[in-house]
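Reading the sequence shown from the start, the letters are residues 1 to 289 in UniProt numbering.
The C-beta atom is built at its ideal place from N, Cα and C for all residues, glycine as well.
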Amino acid sequence: MGEPSKLGVGARGLVLGLGCLAVLVPFWAVLMTSIASPEEVNRAGGFVLWTNEPTLDSYQAVLSGGVVTRALLVSAGITVAGTALSLVSTIALAYALSRPGSLLQKPILLMTVFTLLFNPGIIPMYLTVKQLGLLDSYLALILPVLVNAFNVIVMRAFFQDIPRELRESAYMDGAGEMRILLRIVLPLSKAVVAVIGLFYAVAYWNAFFSAMLYLQSSEKWPLQLVLRTYVVNNTPIGSDQLSSNLENLPPQISVQMAILVISVLPILFVYPFMQKHFAKGLMVGAVKG
C-alpha cells in the first residue's frame, strides 16, 4: 500500500476531530450544567457550556439520600452480583463445550446457538418470570439474562485455542478438570474474561427495560429506571424524592444532569483498566492459522 496523501490524512483527521467533538461537547454541556449555579442556569435558559461559579449542590441533593442514592446502591449491587454470576456460568459452560467428549456437548452447543437465532420475546419471558415467582424481585433482573450465548461462543473459541499439550501435561501430573481450569486455563484467558466481564457489567448497569417489566415497587428501581423517569420523561423531582438538607433545591435541569453524570461515570472509570485486554479479547476467533 502506498503512503496516503496529505489531503487524505487531513480529511481523515478532520472527520475524526468532528466525531470527537460530537461526542465530547454534549457530555461537557451535561457536566457543566450539573455543576453550574442556579443563576447561570437561569441566564442560559437550559444547558451551560461554561460555569464561573461551580457548585456541587446538585450532587449533594441527589446523593444525600432518597430515590437516587437508593437506586445507585441497587444498580451497583445488581451489576456486581450479576456480573460475577454471569462470568462463573459462562466460563463453566464455555469450558465444558470446548472439551471434546463432554457429556451432551453437541446438543447443548446446538441449544446455545439456537438462542442466538430465535428470541423468546417479551410475553413468554414475562410469563416465565411470573410462573417462577420472580416478579418484583432482583433475581428477575439477573436470572433471565444470566448467560449470553454470544459470550459463550467467544469464550469457547478462546479456550479451544489454548494448546492441548498444556492440558495433557496437567493430566499426567494428576490434575483434574477443575484444577486445570483454575490453574492453567483461566490465567491464560485474562483478556477474554476481562472483555466478557465488561460486556456483562455494561449490560447490567444500563438495563432498564427488564426493571420496568418485572419490578413493581419503586423502592427497588435501579438507577437507569430512575434516569428514564426523571430525565428522559422529564418528570419533576420534588423534595420528597430527595433527602437533602439544602434549603433551596437546585434547578431541575441541574439535578437531572447530575443523575446523568452519575449513571455514566462508573463505566468510564472501569473501562481504562480493561482497555489493554479489550482489543485482544475482541479479536478472539477472528484470525485462524
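Here residue 95 is actually not in contact with residue 193; their C-beta atoms are around 11 Å apart, not less than 8 Å.
Cα atoms of residue 138 and residue 160: separation of roughly 35 Å, rounded to the nearest angstrom. Counting C-beta atoms within 10 angstroms of its own C-beta, residue 195 has 16 or more neighbours from the protein chains shown and is therefore classed as buried. About 5 Å separates the Cβ atoms of residue 200 and residue 86, confirming a contact at the 8 Å cut-off.
Shown here, residue 136 sits in coil according to DSSP, grouped into three states, outside any helix or strand.
Counting along the chain, the unbroken alpha helix (DSSP H) around residue 26 starts and ends at 6-35.
Of all C-beta pairs linking the region 227-235 to the region 2-12, fewer than three are shorter than 8 Å, placing the two stretches out of contact. Cα atoms of residue 223 and residue 73: separation of roughly 8 Å, rounded to the nearest angstrom. Assignment of residue 120 by DSSP, reduced to helix, strand and coil, places it in the coil class. The shortest C-alpha to C-alpha distance from residue 98 to any of 204, 132 and 163 is the one to 163. Residue 83 places its beta carbon less than 7 Å from that of residue 197. Counting the other Cβ atoms within 10 Å of the Cβ of residue 75 gives 16 or more, which makes it buried. Its Cα nearest to that of residue 202, the residue 81 stands out among 31, 81, 57 and 249.
Just so you know, the alpha carbons of residue 205 and residue 77 end up roughly 10 Å apart.
If you check the CB distance, residue 136 and residue 217 come in under 7 Å. Secondary structure of residue 93 (DSSP, three-state): helix. Residue state for residue 57 is assigned as helix, using DSSP reduced to three classes.
In the DSSP assignment, residue 213 falls within the unbroken alpha helix (DSSP H) covering 209-214.
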